[in-house]
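In the numbering used here, the protein residues as written are 2 to 429.
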Amino acid sequence: MTKTRIANGRLIDPANGIDQHVDLFLADGRVAGLGTPPDGFDADIDIDATDQIVCPGFVDLCARTGEPGQEHKGTIASETAAAAASGITTLVCPPDTDPQIDTPAVVELIRRRNEEVGKSRILPLGALTHELNGANLSEMAALKAAGIAGISNADAPITNTLVMQRALEYAATFDLTVYLHPEDPALRNDGLVHEGAVSTRLGLPGIPEAAETVAVARDLALIERTGIRAHFCQLSSARSVRMVARAQHDGLPVSADVAAHHLFLTEMDLMGFDSNCHVHPPLRTHRDRDALREAVAEGVVTAICSGHRPHEPDAKLAPLGETEAGIAGLETLVPLTLRLVDEGVLDLTAAIVRLTSGPGAVLGNGLGSLTLGDVADICILDPGPHWVLSPDLLSGRGHNTPFIGWDFRGRVSYTLLKGEVIFQRSNA
2 MTKTRIANGR LIDPANGIDQ HVDLFLADGR VAGLGTPPDG FDADIDIDAT
52 DQIVCPGFVD LCARTGEPGQ EHKGTIASET AAAAASGITT LVCPPDTDPQ
102 IDTPAVVELI RRRNEEVGKS RILPLGALTH ELNGANLSEM AALKAAGIAG
152 ISNADAPITN TLVMQRALEY AATFDLTVYL HPEDPALRND GLVHEGAVST
202 RLGLPGIPEA AETVAVARDL ALIERTGIRA HFCQLSSARS VRMVARAQHD
252 GLPVSADVAA HHLFLTEMDL MGFDSNCHVH PPLRTHRDRD ALREAVAEGV
302 VTAICSGHRP HEPDAKLAPL GETEAGIAGL ETLVPLTLRL VDEGVLDLTA
352 AIVRLTSGPG AVLGNGLGSL TLGDVADICI LDPGPHWVLS PDLLSGRGHN
402 TPFIGWDFRG RVSYTLLKGE VIFQRSNA
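See the structure below:
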């Protein structure tokens, strides 16, 4: 295994309360030393991180790769390469692949493909119900033995509350974290965008805020009843984050994340019928966006995710109501989070928390920190450069993003996975 010294950087490791200029030493794929090299350490690689930030590799709690089943949208090879170029060393994959991640065989398929062609680590979530049908519980014991990171029904609703309760009870038996995408399908109906003045003006069917909040309320009641550890994914409304904050105050074992694009875009960005702003859950009001920012700043929302959904060009070329929902968000996750720092929403350390130890705590597997002996997933980030996002800078297969032309600050110079360099910017 390669031995590496990362010298002269500003090491920020929020999990261990470290923010100082100090050298970092890696050996055998793990963190071997901080400040002082281990006895007999002889570096094979020296990386000069002068004027740069050295931090744990970023952890993305919701990213779809397209593979298996939708390789025309993206593959494990293409999307993990995009993640590595963005400093993201771990991707959590929802179970709505094709076939769904409801058997150990599919978990093994993803693991092998990741080992063969992947740059970043992929952690699959198992399906809460068989084929995500919302009726028959999956074989959670077998899925856990196969190595899933948690359990979820992705965007497929479980409308029967008794089935949902049984599913949570079963997941609790195996100490699995349940990842919830709260939405009441009856209230959503055929909605496409947030229900309000903009949807009325555009003549598009709306999804009311209550579609999310009713589902959050039901799930919180079941979490309290079953004692399950739960994580709410991609919350989009002010009322939802207030409900989660109250549940946390009351001691329920719940956490939440928000997609980066929900911290910047609102329903007003749909006024030009931009299909790249057609996302699920939908973009909501300025009030909702500001409440999400406040929840991120206060730590109610402990993680910022990409909500990555790559699409082929044709998926976004029809009239907005006929397009597929989703943003290719891997390569804007870090720039958008740094933009929150520039706008005074977060300080730099808090921003890194939301991308490292925050999501790492949800996973509960030690990722997102640089404790001695931990796996050496590292991002080296140059905070200085200003740049403009253009399609040629996107290395993932999906270019469906509304952030083309936005000004950003900060570029990833190096990404290391298990101590090995998986990305190096050409001018680094």
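Virtual Cβ for every residue (Gly too), placed ideally from N, Cα, C.
Treat the numbers as computed from the prediction; the structure is a model and nothing was measured.
Check, Outcome
"Nearest-angstrom Cβ-Cβ length linking R112 and T90, presumed shorter than 8 Å", "The Cβ separation is near 16 Å, so there is no contact."
"Distance, R310 Cα to V108 Cα", "20 Å"
"First and last residue of the uninterrupted beta strand (DSSP E) at H312", "Counting along the chain, H312 falls outside any beta strand (DSSP E), and DSSP gives it neither H nor E."
"Assumed close pair L382, A261 - CB separation to whole angstroms, cut-off 8 Å", "The Cβ separation is near 16 Å, so there is no contact."
"Any 3 or more C-beta pairs closer than 8 Å across the segment 62-70 and the segment 86-106", "yes"
"P314, buried or exposed, once every other Cβ within 10 Å from all chains shown has been counted against 16", "exposed"
"Burial state of G308, where buried means 16 or more other Cβ atoms lie within 10 Å", "buried"
"Span separating the alpha-carbon of G119 from that of D251", "41 Å"
"Cβ-Cβ separation, I54 to I379 (assumed contact under 8 Å), whole Å", "That belief does not hold up - the Cβ atoms of I379 and I54 are roughly 11 Å apart, past 8 Å."
"Inter-residue CB distance, E1 and R243 (contact presumed, cutoff 8 Å)", "Any answer about residue 1 is impossible in this case: the structure gives the chain only from 2 up to 429."
"Rounded Cβ spacing between T76 and R398 (contact assumed at less than 8 Å)", "7 Å"
"Residue ranges of each alpha helix (DSSP H) within the segment 308-353, 4 or longer", "331-343"
"Secondary structure of P105, DSSP reduced to three states", "helix"
"Beta-carbon gap between G135 and V164 smaller than 8 Å", "yes"
"Beta-carbon proximity check, A85 vs T416, cutoff 8 Å", "yes"
"Every unbroken alpha helix (DSSP H) within the segment 344-425, with a cutoff of 4 residues, ordered by chain", "349-356 and 358-364"
"Proximity below 8 Å, CB of G385 to CB of T286", "no"
"N- and C-terminal bounds of the beta strand (DSSP E) containing Q21", "I19 to H22"
"Top-ranked residue by Cα proximity to I46, from E421, R426, S427 and D343", "E421"
"Three-state class that DSSP yields for S237 in the structure shown", "coil"
"Same chain only: Cβ atoms within 7 Å of Q71, ignoring 5 sequence neighbours per side", "D99"
"Which of helix, strand or coil DSSP assigns to R288", "helix"
"Secondary structure of D191, DSSP reduced to three states", "coil"
"Cβ contact (3+ pairs, closer than 8 Å) linking the segment 145-152 and the segment 170-179", "yes"
"Where the alpha helix (DSSP H) through R6 begins and ends", "Run containing R6: none in the alpha helix (DSSP H); it sits in the beta strand (DSSP E), T5 to A8."
"Proximal residues to A106 (C-beta, below 6 Å), its chain only, five neighbours per side dropped", "none"
"Collapsed DSSP secondary structure at T160 in the structure displayed", "coil"
"Paired residues, beta bridge with Y180 - DSSP", "S153 and H232"
"V354 versus V302: straight-line alpha-carbon distance, rounded", "11 Å"
"Cβ separation of S288 and L264, assumed to be a contact under 8 Å, to the nearest whole Å", "The sequence given here places Arg at residue 288; Ser does not occur at that position. That pair is no contact at about 13 Å."
"Neighbourhood of A44 by C-beta distance below 7 Å, restricted to the same chain and skipping five residues each side", "K4, T5 and R6"
"For T91, the residue or residues it bridges with in DSSP", "V60 and R122"
"Among A292, V413 and T350, the one whose alpha carbon lies nearest that of E332", "V413"
"Nearest-angstrom Cα separation, counted from H281 out to N428", "37 Å"
"Among G30, D49 and G10, nearest to C56 - alpha-carbon criterion", "G10"
"Three-way DSSP call (helix, strand, coil) for S256 in this model", "strand"
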